[in-house]
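Counting the first sequence from 1 gives a position; our numbering is that position plus 287.
Glycine is no exception: its CB is placed at the ideal position from the N, C-alpha and C atoms.
Quick caveat: nothing in here was measured; it's all calculated off a predicted structure.
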Amino acid sequence: MPELPEVETIRRCLEPLLVGRRVVGVRVRRPDVVGHPTSARSFRRGVRGRTVHAVGRRGKYLVLEFDGGRELVTHLRLSGHLAVVERRSVPRHERIRYVLSDGKVLSFIEPRALGRAYLVERGRYPRALRGMVSMGPEPIAPGFNVRWLASQLRGRRAPVKALLLDQRVCCGVGNIYADEALHRAGVKPARPAHGLKPAEVSRLADKLREVLRDGIRWCGTTLGDGRYLRPDGRAGSFQHRLAVVGRAGDGCRRCGGIVRRTRVAGRGTYYCPGCQK
DNA sequence: CTTGTGTCCTGTAGGC
DNA sequence: TGCCTACAGGACACAA
């Protein structure tokens, strides 16, 4: 499932392939993945003819900036995938197809059809995209620090993991990196947020930033489920460096304890009872 | 406001 | 072998 490091990897891969190219054709194969405007026809008409000026990212959203102040915002949700393919190639589960002026095709592939593409005017986000407006600071940017995290955890009795997954608190963080950050920080995912000591909050802020940066460095996490791939079809490699996710029953690499899988905040959760308190 | 639960969606894994 | 069900989860809707 693409989280901040995966979307950032996708962004970096797409940037040189898309900037300066014009979208000469749009094909919507599955209208319900168009989140805005309401009709696939107006989406198609609004995108066609536009030139990509920049490729950005906000949290887990990928943002293609067009001329004329419009943006194509895409959220990949759980199984979404963006691939640059040849003109003849039609990937399985392709939902939207953008034909580019250089003859290549940007294909929005989404087996579960939960991902969405939105065409909006810059800064004017529709109801369906209000998550973009309420989104917190990027954990890898300077605005995210111990003070911010402490202010968000204060007085909250929800499990600390639930707050890491809250995009208003830690944008871009999803199930994998939340578990990995908590493991690096030595904090049990189910701990009520307000019970964390200042040193633990501080460690968590540091480790969150660290694990996201590592995820980017290793080009994201490709697990068997979800099948995240980079736009050129290559896998990421952070899956080889996961400390707890997917390792239930195996030994913790730090303390030798047995990694467990439980359920926290309604999500499958991996942690080590030996070194996470 | 805060917190927990249900919903969307479909490929895959597991049971019999 | 093949059918069926449960499960996975990000973001949002909604209830208490």
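Compute the Euclidean distance between the alpha carbons of residue i and residue j, then round it to the nearest angstrom.
i           : j           : result
residue 349 : residue 360 : 6 Å
residue 488 : residue 530 : 20 Å
residue 319 : residue 406 : 14 Å
residue 370 : residue 485 : 43 Å
residue 354 : residue 338 : 6 Å
residue 445 : residue 314 : 43 Å
residue 535 : residue 307 : 46 Å
residue 351 : residue 300 : 13 Å
residue 449 : residue 553 : 9 Å
residue 494 : residue 472 : 6 Å
residue 368 : residue 524 : 17 Å
residue 429 : residue 496 : 10 Å
residue 392 : residue 385 : 6 Å
residue 296 : residue 363 : 13 Å
residue 325 : residue 418 : 18 Å
residue 329 : residue 510 : 36 Å
residue 566 : residue 340 : The shown model of the chain, from 288 to 564, leaves out residue 566, and the question about it has no answer.
residue 331 : residue 517 : 25 Å
residue 305 : residue 421 : 28 Å
residue 548 : residue 464 : 15 Å
residue 414 : residue 387 : 29 Å
residue 312 : residue 470 : 46 Å
residue 512 : residue 389 : 33 Å
residue 456 : residue 438 : 10 Å
residue 431 : residue 321 : 32 Å
residue 490 : residue 327 : 46 Å
residue 540 : residue 342 : 38 Å
residue 505 : residue 427 : 15 Å
residue 411 : residue 356 : 10 Å
Does the beta-carbon of residue i have 16 or more other beta-carbons within 10 angstroms, so that it is buried, or is it exposed?
i           : result
residue 564 : exposed
residue 323 : buried
residue 425 : buried
residue 302 : exposed
residue 527 : exposed
residue 298 : buried
residue 394 : buried
residue 399 : exposed
residue 521 : exposed
residue 377 : exposed
Under 8 Å between the Cβ atoms of residue i and residue j?
i           : j           : result
residue 499 : residue 365 : no
residue 336 : residue 310 : yes
residue 238 : residue 396 : The shown model of the chain, from 288 to 564, leaves out residue 238, and the question about it has no answer.
residue 543 : residue 561 : yes
residue 358 : residue 409 : yes
residue 289 : residue 558 : no
residue 416 : residue 481 : no
residue 447 : residue 474 : yes
residue 492 : residue 436 : yes
residue 483 : residue 468 : no
residue 466 : residue 476 : yes
residue 423 : residue 454 : yes
residue 383 : residue 443 : no
residue 533 : residue 293 : no
residue 537 : residue 546 : yes
Check whether the region 454-461 touches the region 341-348, taking contact to mean three or more Cβ pairs, one atom from each stretch, closer than 8 Å. yes
Taking the runs of the beta strand (DSSP E) that are 3 residues or longer, which of them lie wholly in the region 388-446? 392-396 and 403-408
With a floor of 4 residues, list each alpha helix (DSSP H) that falls wholly inside the region 459-538, ordered by position along the chain. 462-472 and 485-504
Complete alpha helix (DSSP H) runs within the region 336-366 (minimum length 4 residues, chain order): none
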